[in-house]
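I have placed the structure first, in the form of structure tokens, so that the comments after it can refer back to it.
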Amino acid sequence: MQTAASKTKRRVASPSKSRDHGTPTPKGSPSKSPSRKRAQSPPVSPIKLEPGESYAKPPHTEVTMPKEPEPQGLAGDYGAIALLMLLYTLQGIPMGLHASLPLIMAERKVLTSELAFFSFASYPFSFKLLWAPLVDSIYSSSFGRRKTWIVPAQAAIGLLLTMCADQVEVMLGAVPGDAESGTVNVKALTYLFFTFYVLAATQDIAVDGLALTVLSARNKELGATCNAIGQTVGFFLANVGFFALSSYGLTTLASFMKFWGWVFLASTVCVLFVKRDEHVAPTSGVLSEIVSAYKEMLLVMQLPSVRTLALVLLTCKAPLAAFDALVSFELMAEPINIPKERLAFLGTIMIPIGIITQAHVSKSFSESKPLGVWMYTYKLRLAIGAALIGFIIWLRQITSSGAAIPPYMYALGLGIMAISSATSAAMFVAQMAFFNRVSDPRIGGTYMTMLNTVANLGGQWPGTVVLAIKGELEKSPKIDAFSIICACSAVMGVVWVMLTQRTIHDIQNRPLLAWKASS
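Position 424 of the sequence shown, counted from 1, bears residue number 423 in numbering that gives the first Met the number 0, the numbering being contiguous throughout.
Following this line, the structure appears as structure tokens:
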């Protein structure tokens, strides 16, 4: 009885099955040369097959070429990072200019109630989620999905900066011989900078999407880093940079705005040559994509956990607004009279403190509970706010007689500001860590944007309200509006902590399933 192996050997040895590899011969037999021209080739040894094996293909040797090493680190992404840094830095320019104007207005005795109205100009960044689906869904596939919005938004900002620069000087009442000289047109400035913020917010939405396209997969997380650093640098250049140059007579607000207007226009030309953009037509109708995006937003907001968190985020900054919004104006007012340029310089010292704090605190969230850290630093900020009230009252007593501010008071004030900056940065990192932890991965982009929008709005409205209240109290000259508002804010902060501490602890301990919008 023949085995399967012996049958297989016969089949392999059959000339009809040789497939031009020569006829194998038994071991020890002389090899025969084929009758073709390839007879000079060396004989092929017989193929020994193990039991159960069959001859399907002639044996061959695969030649594999060595693979090129994959890029590591930032290799291949330097150009993309430079582009993103440029675009995000430009976003910070209108923000820095907007932050400069209230100090100029306060120096020109603009009422606090009018400063409250001017604060509305920055609200578009808190509501950009409302038109983000439009930016993501409506575009020209031939021109580029992101360039469709970046190019016109930046060009519009550049044109506004160059064309309205001289008018801004007029609005600030700084043009000699003008009929309105000395009168600050707060409403016109508010409308102008509101437009700047709408355009910058639109550009921000598109650049966030561009970062996902131009960066390689291994470096996609650097988009958020470029955003944070770029906007900070832009804010610094337009705020502190302007005050530093103008204090030495090297520039005026009009010439400074014109310079950055031309930078915006030049950078827009650079964006035109960006090739790594999405040029794919939408897979579904534009209207259906927009409707789907808004449905996701509603789905997130219907979650009980998100609603409770939103209530916390919308109210938590109310007790802190007095310390954040009023301190700079109080330090510039009588009798302290610290120049706005010096205040801006002190603010720059806080930037590296905030960055170092964020880097240090972000390492501690692998095992800890972010909202626990957030609540702890919130209490510290309340304590620092109380210290600021005492510091300013003490500073008033020193300067009321016309005496100069002693160096030790600058050191003390700098220390208080440094602790305040560190705690603020720690709160922000803890908040973002919690957002990342609970966001539903299925709609992570929409989820995170929703939470950030609520948090931004919660940080915006209290400042406006505080400035408006101070403006009303200042109508009575005998009332110390700053001290009253700050004292009430401190008490309100203590009450807020007592009412929400248990709720925040409950939010922290809820299972991830309670945050899933897709369940």
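Quick reminder that beta carbons are idealized off the backbone N, C-alpha and C, glycines included.
Can you tell me where the alpha helix (DSSP H) holding L100 begins and where it ends?
77 to 106
Under the DSSP definition of a beta bridge, which residues are partnered with S118?
S118 is not bridged to any residue.
Alpha helix (DSSP H) segment containing A199, residue limits
185 to 213
Once DSSP output is grouped into helix, strand and coil, what is the label at G401?
coil
Three or more beta-carbon pairs under 8 Å between the stretch 262 to 269 and the stretch 155 to 171, yes or no?
yes
Here's the rule I'm using: 16 or more other beta-carbon atoms within 10 Å means buried, otherwise exposed. How should T502 be labelled?
Around the beta carbon of T502, fewer than 16 other beta carbons lie within 10 angstroms, which makes this residue exposed.
Restricting to Cα atoms, I'd like to know which of Q357, L325, I354, V268 is closest to I388.
L325
Relative to the alpha-carbon of G208, which residue among A425, A131, P101 has its alpha-carbon at the smallest distance?
Between G208 and the set A425, A131, P101, the nearest pair of CA atoms involves A131.
If I follow the unbroken alpha helix (DSSP H) through D505, where does it start and stop?
480 to 508
Out of S327, Y77, A432, V169, which one is the CA nearest neighbour of G371?
A432
S139 - DSSP class collapsed to helix/strand/coil
strand
Selection from I335, I348, T463 that minimises the alpha carbon distance to S400:
Looking only at I335, I348, T463, the smallest Cα-Cα distance to S400 is reached by I335.
In three-state terms, what does DSSP make of K515?
coil
State the DSSP-derived secondary structure class of Y247, mapped to helix, strand or coil.
coil
Around the Cβ of K474, are there at least 16 other Cβ atoms within 10 angstroms (buried) or fewer (exposed)?
exposed
Does the stretch 327 to 334 come close enough to the stretch 101 to 113 to have 3 or more Cβ pairs within less than 8 Å?
The stretch 327 to 334 is in contact with the stretch 101 to 113.
Spatial neighbours of E288 in its chain, beta-carbon cut-off 8 Å, leaving aside the 5 residues before and after
P132, D135, S136, P281
Unbroken alpha helix (DSSP H) runs of length 4 or more, entirely within the stretch 430 to 481: which are they?
443 to 472
Specify whether the stretch 302 to 313 and the stretch 446 to 458 touch according to this definition: at least 3 beta carbon pairs, one from each stretch, less than 8 Å apart.
Yes: at least three Cβ pairs fall under 8 Å.
For P351, does the three-state DSSP call read helix, strand or coil?
helix
Between the Cα of A516 and the Cα atoms of K339, D203, L297, G492, which residue gives the shortest distance?
Ranking the options by Cα distance to A516, first place goes to L297.
Proximal residues to M256 (C-beta, below 8 Å), its chain only, five neighbours per side dropped
Correct list, in chain order: L96, L160, T161, C163, A164, V167.
State the DSSP-derived secondary structure class of Q166, mapped to helix, strand or coil.
helix
Among residues of its own chain, excluding the 5 on either side of L211, which ones have a beta-carbon nearer than 8 Å to its beta-carbon?
K219, G222
So, are the CB atoms of T231 and G91 less than 8 Å apart?
yes
Would you grab the beta carbon distance between W373 and Q430 for me? Rounded to a whole angstrom, and I think it's under 8 Å.
6 Å
Straight-line CA distance for F322 to I392?
The alpha-carbon atoms of F322 and I392 are separated by roughly 14 Å.
According to the neighbour-count rule (16 or more other Cβ atoms, all chains shown, within 10 Å of its Cβ), is G229 buried or exposed?
buried
Rounded distance between the beta-carbons of F117 and T189, thought under 8 Å:
Yes, they are in contact, since the Cβ atoms of T189 and F117 sit about 5 Å apart, within 8 Å.
Quick one: Cα of I354 to Cα of S482, how far?
31 Å
Grouping DSSP H, G and I as helix and E and B as strand, with all else coil, what is G172?
coil
Does the beta-carbon of N226 have 16 or more other beta-carbons within 10 angstroms, so that it is buried, or is it exposed?
buried
Please classify I478: is it buried, with 16 or more other beta-carbons within 10 angstroms of its beta-carbon, or exposed?
Label assigned to I478: exposed.
Under the three-state reduction of DSSP, which class applies to R561: helix, strand or coil?
With the chain covering 0 to 518 only, the question about residue 561 has no answer from this structure.
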